[in-house]
């Protein structure tokens, strides 16, 4: 059995590749730049781009199951080509935001992909994590490295971020095991943490002082727009915040305890 991993060099995709290899599966990793992929030995790395359906035929040939990175613009074309190639099962990297579609910036993005896969007639499973811990690699790591500071709004709002390795473990389980077809798994991390508490954990694990500077909504908008973030995404992130309680974690699917935020920081020590 050959499993195709799209988005194979992404934060989650790399862990999906590793999990499939560990399970003894044949892995075909698709990326726009195979020469830069740096994937483990034993992975078949192929060139392909979800944004360019004409590039997908070779990647899909002989594939039985596929992990799909969410790109709504070509999701219907991907699933049609996958079905034609003989793919039987697709596991979608989606988002808990898909539960709140119809006008929600992130929800609409992911729901479009989910609906395309559901309409394909293939077996499908949707993996719907909440907030990624890995988002902090873009949002916080640069200022921590340069200044030892985190700047963010809503310091007291509590969230339950999830380790990307837990997301991948759910995807690998759904790819390889039966009993997950037609299911959408929403889950998050095992702890409810305010941003100020996340900064405290970062300081403790990294062993150095990291300051937290709270931004106003206007200050955050100016900063994020200046960093090139799309205006729609900024508006979505700056909606009135709501505390997220601890709910289901990846353990619901994998049977293994979810990874903590402190473990994630230790795993990414070099990035900070």
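Residue numbers (my numbering): 6 to 277.
We put the CB at the ideal spot given by N, CA and C, even for glycine.
#### Entry: Short Cβ contact (8 Å threshold) for residue 167 with residue 132
Counting from 1 along the chain shown, the entry for residue 167 is found at position 162. Counting from 1 along the chain shown, the entry for residue 132 is found at position 127. It is not a contact, given that the beta carbons lie outside the stated cut-off.
#### Entry: Option nearest residue 139 by Cα separation, candidates 249, 43 and 20
Residue 139 sits at position 134 when you count from the first residue of the chain shown. Of the listed residues, the one whose Cα sits closest to residue 139 is 20.
### Message
Which of the three DSSP states is assigned to residue 145 in this structure?
### Response
Residue numbering aside, residue 145 sits at position 140 when the chain shown is read from its first letter. Looking at residue 145 - three-state DSSP - the assignment turns out to be coil, as it is neither helix nor strand.
### Task
Report the residue ranges of all beta strand (DSSP E) runs contained in full by the region 150 to 204; include only those spanning at least 3 residues, in chain order.
Fully enclosed beta strand (DSSP E) runs of 3 or longer: 154 to 157 and 188 to 192.
### Message
Taking the straight line between their C-alpha atoms, what separation do you get for residue 199 and residue 162?
### Response
As a first step, residue 199 must be located in the chain shown, where it is residue number 194. As a first step, residue 162 must be located in the chain shown, where it is residue number 157. Rounded to whole angstroms, residue 199 to residue 162 spans 5 Å at the Cα level.
### Message
The alpha helix (DSSP H) that contains residue 266, what's its start and end?
### Response
The residue you call residue 266 lines up with position 261 of the chain shown. If you look at residue 266, you'll find it in the alpha helix (DSSP H) that goes 266 to 272.
#### Entry: beta strand (DSSP E) segments (min. 3 residues) lying fully within the region 12 to 86
Here the runs fully enclosed are 31 to 36, 49 to 52 and 70 to 73.
### Message
Just verifying my parser: in three-state terms, what is the DSSP assignment at residue 226?
### Response
Counted from its first residue, the chain shown places residue 226 at position 221. Of the three classes helix, strand and coil, the one that applies to residue 226 here is helix, per DSSP.
### Query
Can the beta-carbon of residue 277 be found closer than 8 Å to that of residue 146?
Along the chain shown, one-based indexing puts residue 277 at 272. Along the chain shown, one-based indexing puts residue 146 at 141. A Cβ-Cβ contact shorter than 8 Å links residue 277 with residue 146.
### Task
Answer with buried or exposed for residue 70, where buried requires no fewer than 16 other C-beta atoms within 10 angstroms of its C-beta.
Locating residue 70 in the chain shown gives position 65, where the first residue counts as 1. In this structure residue 70 is buried. Its beta-carbon is surrounded by 16 or more other beta-carbon atoms within 10 angstroms.
### Query
Are there 16 or more other CB atoms within 10 angstroms of the CB of residue 179, so buried, or fewer, so exposed?
The residue given as residue 179 occupies position 174 in the chain shown. With at least 16 other beta carbons inside 10 angstroms of its own, residue 179 counts as buried.
### Query
I think residue 48 touches residue 172, with their Cβ atoms under 8 Å apart; what is that distance to the nearest whole Å?
Position 43 of the chain shown, counted from the first residue, corresponds to residue 48. Position 167 of the chain shown, counted from the first residue, corresponds to residue 172. Contact between residue 48 and residue 172 does not hold, since the beta-carbon distance rounds to 19 Å and is not under 8 Å.
### Task
Would you tell me roughly how many angstroms separate the C-alpha atoms of residue 182 and residue 188, rounded to the nearest one?
Translated into positions along the chain shown, residue 182 becomes position 177. Translated into positions along the chain shown, residue 188 becomes position 183. Each residue's CA atom was taken as its position, placing residue 182 and residue 188 some 13 Å apart.
### Task
Please classify residue 98: does DSSP put it in a helix, a strand, or coil?
Working through the chain shown from its first residue, we reach residue 98 at position 93. Residue 98: strand per DSSP, three-state reduction.
### Task
Using three-state DSSP, classify residue 133 as helix, strand or coil.
In the chain shown, residue 133 corresponds to position 128, counting from 1. Here residue 133 sits in strand by DSSP.
### Message
Is it buried or exposed, residue 35, if we count other Cβ atoms within 10 angstroms and call 16 or more buried?
### Response
Taking the first residue of the chain shown as position 1, residue 35 is located at position 30. Per the 10 Å Cβ criterion, buried.
### Task
Could you check how far apart the C-beta atoms of residue 215 and residue 222 are, in whole angstroms? I think they sit under 8 Å.
For the purposes of this step, residue 215 is taken as residue 210 along the chain shown, with counting starting at 1. For the purposes of this step, residue 222 is taken as residue 217 along the chain shown, with counting starting at 1. The pair is not a contact, with the Cβ atoms about 23 Å apart (cut-off 8 Å).
#### Entry: residue 220: first and last residue of the uninterrupted alpha helix (DSSP H) it sits in
As a first step, residue 220 must be located in the chain shown, where it is residue number 215. Counting along the chain, residue 220 sits inside no alpha helix (DSSP H), nor does DSSP assign it H or E at all.
### Task
Assign residue 43 to buried or exposed, taking buried as 16 or more other Cβ atoms, counted over all protein chains shown, within 10 Å of its Cβ.
Your numbering for residue 43 matches position 38 in the chain shown. Counting other Cβ atoms within 10 Å of its Cβ, residue 43 stays below 16 and is therefore classed as exposed.
### Query
Buried or exposed: which applies to residue 72, given that a residue is buried once 16 or more other Cβ atoms fall within 10 Å of its Cβ?
Within the chain shown, the letter at position 67 stands for residue 72. Residue environment analysis places residue 72 among the buried positions, since at least 16 neighbouring C-beta atoms fall within 10 angstroms of its C-beta.
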